[in-house]
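Visitor:
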Amino acid sequence: RITEAANSFPAYDTVIPREAATIAEVLRQNGYATGMFGKGHLTPQWEMGPAGPFDRWPTGLGFDRFYGFPGAETSQFEPDLYDQTTPIAPYLGRGDYHLTEDIADRAIDWMQRVKAHRPDRPFLCYFAPGAVHTPLHVPDAWLDRFKGFFDEGWDDLRKHIFEQQLDLGVIPSDTVNTPRPDVIPSWDEYPDRFKPVARRLMEVFAAFLAHTDAQVARLIEAIE
């Protein structure tokens, strides 16, 4: 239903019909507090913007609280960000700002407020960070945590991960590793001039994912 893949087929026209309630709306009508933090990506493109209409924004689809962005992607350092339906720029004057950390802060604060006001009230906290979607923006302190980790390329790493999964019992002992897709060249066949960029891309992506995991851990700790 996302706008970038909309077409004329029924249910694929990017507009959620009135008769199709979201899980947030169902829970809200049954007494839940509902909050969305991060990526929405269900609002038609022609309805995105500070002038609305807002009935297909998260706040019109069952969420009492929305802090995030309505589109597919945004900068982690200077995001296109909204508080409810008001555009905001919390990154101004903050060299250390990062969106994933910000929405985790906001989600934690909201959950604490809900429980402080009515401890027995159930809640839905929908946390959808823009990470690890492009652009791959990572805090400086995390950038080099995986430096050198991918130097041997993706084939060697894939084999190593598969063997680890077998050793840990994550997958059955008789599992056979799937073949590498034909559209992906082997690391040995990959042009040497491109390998530094490929290594760095994998390092940055891994750092981005690890940083995101750390924010999810903060949410879990707050709930517990």
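With the numbering used here, letter number 111 in the sequence shown gets 111, and the count goes up by one each step, no holes. All residues carry an ideal CB built from backbone N, CA and C; glycine is no exception.
As a quick exercise: from D182, K115, G49, pick the residue whose alpha carbon is nearest that of A222.
Guide: Among D182, K115, G49, the Cα nearest to that of A222 belongs to K115.
Visitor: Pairs of beta-carbons, one from the segment 188–202 and one from the segment 67–81, closer than 8 angstroms: are there three or more?
Guide: The segment 188–202 is not in contact with the segment 67–81.
Visitor: I'd like the list of long-range same chain contacts for Q36, defined as Cβ closer than 6 angstroms, with 5 residues on each side in sequence excluded.
Guide: Just to set this straight, residue 36 is Met in the shown sequence, not Gln. Around M36: P58, F63, F66, Y126.
Visitor: For I88, report the span of its beta strand (DSSP E) as first-last.
Guide: Counting along the chain, the beta strand (DSSP E) containing I88 begins and ends at 86–88.
Visitor: State whether the segment 131–144 contacts the segment 205–216, with contact taken as three or more CB pairs (one from each stretch) at a distance under 8 angstroms.
Guide: Taking 8 angstroms as the limit for Cβ pairs, the verdict is that the segment 205–216 does touch the segment 131–144.
Visitor: Tell me, to the nearest whole angstrom, how far the beta carbon of W187 is from that of D155; I am working on the premise that it is less than 8 angstroms.
Guide: Their Cβ separation, rounded to whole angstroms, is 5 angstroms, which keeps W187 and D155 in contact under 8 angstroms.
Visitor: Are the beta-carbon atoms belonging to L27 and A107 less than 7 angstroms from one another?
Guide: Their beta carbons are not under 7 angstroms apart, which means L27 does not touch A107 by this criterion.
Visitor: Assign V225 to buried or exposed, taking buried as 16 or more other Cβ atoms, counted over all protein chains shown, within 10 Å of its Cβ.
Guide: Shown here, the chain extends from 1 to 224; a query on residue 225 therefore has no answer.
Visitor: In angstroms with no decimal places, state the Cα-to-Cα distance between H160 and L166.
Guide: Near 10 angstroms, if we compare the C-alpha coordinates of L166 and H160.
Visitor: Any idea what DSSP makes of G40, helix, strand or coil?
Guide: Note: G40 maps to coil in three-state DSSP.
Visitor: Where DSSP assigns a beta bridge to D83, which residues make up the other side?
Guide: BP columns for D83 point to Y67, T86.
Visitor: Can the beta-carbon of T43 be found closer than 7 angstroms to that of P70?
Guide: Contact: yes.
Visitor: Would DSSP call T34 helix, strand or coil?
Guide: Of the three classes helix, strand and coil, the one that applies to T34 here is strand, per DSSP.
Visitor: Output the distance between the C-alpha atoms of G49 and V197, rounded to the nearest integer angstrom.
Guide: So the alpha carbons of these two residues sit roughly 36 angstroms apart.
Visitor: Can you name the start and end residues of the beta strand (DSSP E) that L124 belongs to?
Guide: Residues 123–128.
Visitor: Given R199, which residues of its chain have a CB within under 7 angstroms of its CB, disregarding the five upstream and five downstream residues?
Guide: F150, D151, listed in sequence order.
Visitor: Do F123 and Y32 have their C-beta atoms within less than 7 angstroms of each other?
Guide: Result yes, Cβ atoms of F123 and Y32 sit closer than 7 angstroms.
Visitor: Please check the pair A20 and T34, which I expect to be a contact at CB under 8 angstroms, by giving their CB distance rounded to whole angstroms.
Guide: With a Cβ gap of about 17 angstroms, A20 and T34 do not count as contacting.
Visitor: Starting from T178, trace the alpha helix (DSSP H) both ways and give me its first and last residue.
Guide: That residue, T178, is in no alpha helix (DSSP H); it is neither H nor E in DSSP.
Visitor: Assign Q29 to one of three DSSP states: helix, strand, or coil.
Guide: In the structure shown, Q29 sits in coil (DSSP, three-state: anything other than H, G, I, E or B).
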